[in-house]
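Peer 1:
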Amino acid sequence: MASTRREVVIDPGALEMMQAARPSDKEREALIHVLHELATDVPRAYRILFLHPPAYRIDVGRFRIHFRFDDKQAQVEFIGVY
Amino acid sequence: MYSLMYMYAFAYSGVQIMDRTLSVTSARQQLLKLTKDIRRRMDRVVLTNKGEATAILMSVGEYKSLRAAAELAARPDILRATQEGFERLQRGEGIRLEDAFPPTSEPSALTSPPAPVSHRKRPAHGRSKRTESQRQQQAGD
Numbered sequence: 001m002a003s004t005r006r007e008v009v010i011d012p013g014a015l016e017m018m019q020a021a022r023p024s025d026k027e028r029e030a031l032i033h034v035l036h037e038l039a040t041d042v043p044r045a046y047r048i049l050f051l052h053p054p055a056y057r058i059d060v061g062r063f064r065i066h067f068r069f070d071d072k073q074a075q076v077e078f079i080g081v082y
Numbered sequence: 083m084y085s086l087m088y089m090y091a092f093a094y095s096g097v098q099i100m101d102r103t104l105s106v107t108s109a110r111q112q113l114l115k116l117t118k119d120i121r122r123r124m125d126r127v128v129l130t131n132k133g134e135a136t137a138i139l140m141s142v143g144e145y146k147s148l149r150a151a152a153e154l155a156a157r158p159d160i161l162r163a164t165q166e167g168f169e170r171l172q173r174g175e176g177i178r179l180e181d182a183f184p185p186t187s188e189p190s191a192l193t194s195p196p197a198p199v200s201h202r203k204r205p206a207h208g209r210s211k212r213t214e215s216q217r218q219q220q221a222g223d
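From first to last, the protein sequence lines are chains A and B. Mapping of the first sequence onto the working numbering: residues 1 to 82, in sequence order. Mapping of the second sequence onto the working numbering: residues 83 to 223, in sequence order.
#1: Please report the distance separating the alpha-carbon of B:GLY133 from that of B:GLN111.
#2: Between the beta-carbon of B:ILE138 and the beta-carbon of B:VAL128, is there less than 8 Å?
#3: With A:TYR46 as the anchor, note down where its beta strand (DSSP E) starts and where it stops.
#4: I need the DSSP call for B:SER190, collapsed to helix, strand or coil.
#5: Please tell me whether B:LEU171 has its Cβ less than 8 Å away from any Cβ of chain A.
#6: Would you decide whether B:TYR178 is buried or exposed? Buried here means 16 or more other CB atoms lie within 10 Å of its CB.
#7: Using a cut-off of 7 Å between C-beta atoms, extract the partners of B:GLY167 located in chain A.
#8: Which runs of the alpha helix (DSSP H), 4 residues or longer, sit entirely within the segment 92-150 of chain B?
#9: Determine the direct distance from the alpha carbon of B:ASP125 to that of B:ASP101, and round the result to whole angstroms.
Written out as structure tokens, the structure is:
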């Protein structure tokens, strides 16, 4: 299936939260890998039911990534642990 | 991926996700078809035993969504952080991924997926690697 490439934009607050959770080198690499995947695909994502407009979540180990996407952009609004 | 697309489509089309009710006996006879429908159309099936609802069949994606919703409902601080992040992004304060994590010169997970970890062990009966000199020495013995 042909896929369009999206721009991935991250909230600076989400980056701060990610750093505050002190990811190990491996976790950091895994997070960056998944964030890059958002440019072309949203594997392993599932919708967070009551967040509107629809938000999606991907679990990367203990980390959670919340994002919204359309054909042009994936907007990452949360990277953290809960 | 397909279930995700369907969920996305349902969210905007206003189509109601169907709840069907079936007896356990009836469901057992058509379990394969039911699981396909659940995956494709996001159906939910309420299973009854002697007329009493006992279990629900639903897609894994929907189950995970419900769990995520429950986790978030218990964490208003995370909901607030997500909302604030969304508002900053709407104001154009987002950072492009390439700027947030500039690619390094050495190959890493930035450009390639993490290498799969193999847990396979060499078979016990497998031949061990020997150097040519070891083989010659053994042949000489």
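Beta carbons: idealized from backbone N, C-alpha and C, even for Gly.
Peer 2: On the basis of the data shown:
#1: Going from the Cα of B:GLY133 to the Cα of B:GLN111 covers about 17 Å.
#2: Contact annotation: B:ILE138 and B:VAL128 have beta-carbon atoms nearer than 8 Å.
#3: Unbroken beta strand (DSSP E) run through A:TYR46: 46-48.
#4: Its pLDDT being 44, under 50, B:SER190 is placed unreliably by the model, and the measurement read from it follows with that caveat. Collapsing the DSSP output to three states places B:SER190 in coil.
#5: So yes, B:LEU171 belongs to the interface.
#6: Inspection of the sequence shows that residue 178 of chain B is occupied by Arg rather than by Tyr. For B:ARG178, the number of other beta carbons within 10 angstroms of its own is below 16, and it is reported as exposed.
#7: Going along chain A in sequence order, the residues near B:GLY167 (Cβ under 7 Å) are ASP11, GLY13, ALA14, GLU77 and PHE78.
#8: Listed in chain order, the complete alpha helix (DSSP H) runs (minimum 4 residues) inside the segment 92-150 of chain B are 106-111 and 113-123.
#9: Going from the Cα of B:ASP101 to the Cα of B:ASP125 covers about 6 Å.
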